[in-house]
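S.K.: Below you will find the structure I want to go over with you.
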């Protein structure tokens, strides 16, 4: 009798879970990304302790980072008519955020006028890069603050420095030789933990700087929309399996956590922190420039 | 009509040959019988005489006993003597003479050596003498002179002389040809030539001259003929002249009015009277000679002459008069062969007269002489029928010839009437009327005197009455008439016991069937296949149907009914072949009668009938035909019926016709009893039927319903296969199931898109899966190992389908749960039913669910304010795993991974791993370590309660994970800006440490003190794990202690760290002393040493001069003293531990 009770309990509980799933329709892409990120995070955690013992000093980090930044900045194309204003806006928001960082580093903000560059990354020593393509997606300064805050926190939490140390160890070259590291190393993203940490800390940073945390959610959703356009939702089992296989290869070294997860974490943060009255969103001043100015025909 | 003429001539020739053959055989038989009778008579006479002589001798001997040797008995000749008195003395005197022949044989006239009368030797000797002719039997006169038996008053014993006898009696063939044959041929040529001359060359000479010439020649032929007929030598020539003379005379008289122009005799009536007189004179005069040949020649020549010259129907009256004369002769003299030729001549004459008329006006068109022609034909028919009825038959041969005459009469009458008919439907009435009259004639008292006549007339009447209807409904096809004639011949052959009649009938049947197929059916085939519109031919179908019934009746009923009659192998084989012809005709009947779509069902029905009949009467030919027709029906169904709906999708006609065909094929299999060496036959029928139904489903149903339909059908086949013990049905079910499964995989499971509800997909795949589960219920068990696995295949297929269905239908996060639920149900059923297969499927699904969770559920993100999808999906799955573990604990010990792992252990690992992973992803990152510590505590508790090392292992693993997480994450990961106290590092790490320490309660119970030394070959990690497995309390103490130490070092100011470590060390050592654990004490001591070192090398340079330094020193000192106290206090115990 007890057995049947247990069976019925389990059965109906599971059935209820199915019903609930069908009703609420949670977004759950079928990818090995979660497992891969866990593995990556585990590897990072395994290297964290030894990394902390051999961590670069701030001076070393700034020196190396500035050199890298200068090297990357040389690849930028010429500024168009509105690009200087955009660059000034970026620097303004960035400096506002950096006032609240934990590590007091000389933060610098670089604007890449390439419209195809839909990304942002940071290099050690306080250097943050952002592309025109990403800024074009933004409608408010809060979104810009969220992105810049995210990148600042990668520096603030030593993510960039650790990556530098890993490259040094992998390539077996002295620190001075790290100038030749390709920018893709820093563009490719970090572990899930690091990304989520940067999301949360960057959002906190933005809020502390007076921006709305909703900016982070908005820009993430816009990026998600772009991502889905590139990787369509599978329609069949075969497509799903193919995507799992492809993303298993692709996702190990690149890609951020699923956007849904990131936005959920941020929403949870908003709830946990009790940010009830959120500041109003600030319209992005250079939006008009981005709409009208065509520096490269795009 | 020329065909009819040719046929008639052919038949006539055959009849002639037959007559010759029959006569020859009959003569031989009579001769043999006569010889035997003669011999018997001789023997009887001899025996009688011998017997009387013996009696006399015995009496004499008894009265006077012999002194001397008894008198020798003479030869049989002397004993058996037609004149015993005359030869008495000769016998007595020669009684003891012995034969003097060298060979010792007793010959005629010999005296047999003495042997005692009455003795056996005596009698044997007498009887041993050859039965030589004792009587002198004179050869009858008729045998010597060639006279007919009837002329001498002898009937019944001697055969009549026929053509062959004439040939035999001829001195030589040269004389026969020159003296006999040429005579007759010459007379015929003369008569014909003169007739043609009178008829055609009239414009050169006057009519009177020609008539005169004709009469003169007639007289020149008649007069010498009459004179020389008396002489034996000139008899043949004279009689030919008489016959020819009379024929010419008759024609010339006829020509006076009907041929020459202007007519020499104006009055038709007078001419008719003159012709009548001449006909009577011809008959009376020729009868005088009692020569059938002469009279026949005269009559036939007269017919011929009339034929040549007639121009109106009234001229045919001459023929009627001749017919009357002929009938009279036949009746009086019994010259039945003459009647046969007379019938042929009369009707042929009429036909030749009709032919140009019909050619002029066209077939079935009225012509002025129509009624007169009908009247004349009816007259011919009637008079010959009357002749047949009233005659007196004395011999079988006469009956046979009469039969031929009757058949010819009826056949020719109907044929020519049909040829000239103006309104073809009236022919139906002719058939009926003629048949009724024939039937009525057969019932007359006068007819019933002769059984053969009664049977034949009745049969002919019946055939005509029956054939009238197919004739009518076949569109007045003459083939019906031919068939009726042929059947009449066969029946006549049965009644008259004449194989030739039967052969003629068979031949006619075959010819008719061939003609029907080639001409009638071939014409329709050309029309249909030549691109013309498809038309049903009901009339032709009636004809073919009639022919079919006829052929089958002859082939099977007739041969059975009169089996003793058909002794010839060739004849029997021919009847058998009729069956096959009948089958072809039957096939064609359906082909003609039915619309395209209905051909297959009707053919299959025909197959059923043939099979039933074949089985009932054990006729293998019918079963072979049935198979052939079934194959044709099957191919037709494939090529025609299934393609019907090209224009009409979902046409009911296709469905109905194919379904009916299939049903009939199933029924066929019931009747197709396994023929010898062909046990596959019933299975072949069933396979054909099943394939048709399967294909029908493919065509009729939408693609998404075809797969389920096939599986449903397979279920049905399996059920009936089991019930009826038909293995082939089960094999078909396997194939259908496989096809259905492939259809489901390729079509149904592709409907809609992933994660979206699709009702059709759900219903079809779900139903199919359930059906696949049901199939093994009726599967035949046993057989080889591979066959015994077939039920498992079905079960696995059903489960795979359900799993794929849930994959398609459900949201991504729900798929794993659905698989777990499905696995739960399968496992439970497998548990109750003791089915390892079902349980294995459950295990597979559990594994799949776990993998699915890793790939999908972990990526799920819920909406704000709602329960996390990971939580409400992974927890039920974990519960399912735990439930299964619990069930397996007391149940079957299933093993997985080739027996390496027990199933319940595997499920337990899955369950714990699921919870652990859920914790990792669901809880705030700071609390993962604490949660794992709590799990480790719980696992150790369970290990204690259940005494299962399995939980200890998992507890240890989670313990390690806790440490790893706490050290590498909690201690080094934090937010710079977080204000949430619950996420602070001290709280999370200390909680984790506390939980690990709490686990010590159970760890101590679980440790084993066995000192099993691991083998030297094991790696160090294995040895280390083995140690920790045996000593879990080490991990669960030292790890949290270290964590606390590190936490203290990170969260406290430098000076306070040393103090804190000191306190911690004291607590450690105190605890170590309490539990008696040396390693703990060493750890405490080590910590204290570290404190001392820190004070000296770190605190002293950095904190010198601060209050922290002093406090640190004091605190550390107190700690050291306390430890010393403890060591001193428990010295004894320490020694004991050491």
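Residue numbers (my numbering), protein chains in the order written: chain A, 2 to 299; chain B, 496 to 1633.
Here a beta-carbon is modelled for each residue, glycine too, at the ideal position from N, C-alpha and C.
How close, in whole Å, do the beta carbons of residue 18 of chain A and residue 1622 of chain B come, if the pair is a contact with beta carbons under 8 angstroms?
M.R.: With 8 angstroms as the limit, residue 18 of chain A and residue 1622 of chain B do not qualify as a contact, their Cβ atoms being about 58 angstroms apart.
S.K.: Is residue 283 of chain A helix, strand or coil when you go by DSSP?
M.R.: coil
S.K.: Using the C-alpha atoms, what's the distance from residue 107 of chain A back to residue 262 of chain A?
M.R.: 32 angstroms
S.K.: Could you list which residues in chain B have their beta carbon closer than 8 angstroms to that of residue 19 of chain A, in chain order?
M.R.: 1305, 1309, 1312, 1313, 1316
S.K.: Starting from residue 97 of chain A, find everything on chain B with Cβ-Cβ shorter than 7 angstroms and list it in chain order.
M.R.: Result: empty, since nearest Cβ-Cβ is about 15 angstroms, beyond 7 angstroms.
S.K.: Decide if residue 125 of chain A is buried, meaning its Cβ has at least 16 other Cβ atoms within 10 Å, or exposed.
M.R.: buried
S.K.: Consult DSSP for residue 831 of chain B and reduce its assignment to one of helix, strand or coil.
M.R.: helix
S.K.: Closer than 7 angstroms by beta-carbon distance: list the chain B residues that pair up with residue 79 of chain A, in chain order.
M.R.: Within chain B, no residue comes near residue 79 of chain A; the closest Cβ sits about 38 angstroms away, beyond 7 angstroms.
S.K.: When you compare the CB of residue 143 of chain A with every CB in chain B, is at least one pair closer than 7 angstroms?
M.R.: no
S.K.: What does DSSP give as the partner residue(s) for residue 131 of chain A in the beta ladder?
M.R.: A/112, A/121
S.K.: Measure how close the beta-carbons of residue 1117 of chain B and residue 1074 of chain B come, nearest whole angstrom, since I'm counting them as under 8 angstroms.
M.R.: 7 angstroms
S.K.: From which residue to which residue does the alpha helix (DSSP H) around residue 1253 of chain B run?
M.R.: Looking at the DSSP string, residue 1253 of chain B is not in any alpha helix (DSSP H), and its letter there is neither H nor E.
S.K.: Is it true that the segment 1262-1269 of chain B meets the segment 1308-1320 of chain B, where meeting means three or more beta-carbon pairs spaced less than 8 angstroms apart?
M.R.: no
S.K.: Just to confirm my understanding: we take residue 450 of chain B, look at its own chain, exclude 5 residues before and 5 after, and list those with CB closer than 6 angstroms. What are they?
M.R.: As displayed, chain B neither begins before 496 nor continues past 1633, which places residue 450 of chain B out of reach and without an answer.
S.K.: Starting from the beta carbon of residue 1375 of chain B, find every residue of chain A whose beta carbon is closer than 8 angstroms, and list them in chain order.
M.R.: 11, 15
S.K.: What does the Cβ neighbour count give for residue 1620 of chain B, buried or exposed, with the cut at 16 atoms within 10 Å?
M.R.: Taking every protein chain shown into account, the CB of residue 1620 of chain B has fewer than 16 other CB atoms within 10 angstroms, so this residue is exposed.
S.K.: Quick check on the burial criterion: 16 or more other C-beta atoms within 10 angstroms. Buried or exposed for residue 539 of chain B?
M.R.: exposed
S.K.: Does the beta carbon of residue 125 of chain A come closer than 7 angstroms to any beta carbon on chain B?
M.R.: no
S.K.: Specify the secondary structure class of residue 818 of chain B as computed by DSSP and reduced to three states.
M.R.: helix
S.K.: Which residues in chain B sit within 9 angstroms of residue 209 of chain A, going by Cβ to Cβ distance?
M.R.: Ordered by position in chain B, the residues that pass the 9 angstroms Cβ test against residue 209 of chain A are 1472.
S.K.: Name the DSSP beta bridge partners of residue 141 of chain A, please?
M.R.: A/284
S.K.: Chain A partners of residue 1364 of chain B, CB-CB under 8 angstroms?
M.R.: Under the 8 angstroms cutoff, chain A gives 22, 25, 27, 29.
S.K.: Quick one, which residues of the segment 1323-1350 of chain B are near chain A if we go by CB-CB under 9 angstroms, in chain order?
M.R.: 1323, 1347, 1349, 1350
S.K.: Ends of the alpha helix (DSSP H) at residue 1021 of chain B?
M.R.: 1017-1024
S.K.: In whole angstroms, what separates the C-alpha of residue 1342 of chain B from that of residue 1160 of chain B?
M.R.: 48 angstroms
S.K.: From the DSSP output, in three-state form, read off residue 1397 of chain B for me.
M.R.: strand
S.K.: At which residue ranges does the segment 1190-1235 of chain B contain complete alpha helix (DSSP H) runs of 4 or more residues, listed in the order of the chain?
M.R.: You should have 1198-1218.
S.K.: Between which two residues does the alpha helix (DSSP H) holding residue 1308 of chain B run?
M.R.: Following the DSSP letters along the chain, one finds residue 1308 of chain B inside the alpha helix (DSSP H) bounded by residues 1307-1327.
S.K.: Sorted by chain position, which residues of the same chain lie with C-beta nearer than 7 angstroms to residue 959 of chain B's C-beta, five sequence neighbours on each side aside?
M.R.: Result list for residue 959 of chain B: 926, 929, 930, 933, 979, in chain order.
S.K.: From residue 87 of chain A to residue 133 of chain A, what distance separates their C-alpha atoms?
M.R.: 9 angstroms
S.K.: What does DSSP give as the partner residue(s) for residue 1391 of chain B in the beta ladder?
M.R.: B/1396
S.K.: Tell me the rounded alpha-carbon separation between residue 140 of chain A and residue 285 of chain A.
M.R.: 6 angstroms
S.K.: Within 10 angstroms of its Cβ, does residue 1394 of chain B collect 16 or more other Cβ (buried), or is it exposed?
M.R.: exposed
S.K.: Just the C-alpha distance for residue 534 of chain B and residue 516 of chain B, rounded to the nearest angstrom, thanks.
M.R.: 27 angstroms
S.K.: Name, going along the chain, the residues of the segment 1432-1466 of chain B whose beta-carbon falls closer than 9 angstroms to a beta-carbon of chain A.
M.R.: 1459, 1460, 1462, 1463, 1464, 1466
S.K.: Can you list, in chain order, the residues of its chain with a C-beta nearer than 6 angstroms to that of residue 999 of chain B? Leave out the 5 residues immediately preceding and following it.
M.R.: For residue 999 of chain B, where only same-chain residues beyond five positions count, the Cβ hits under 6 angstroms are 984.
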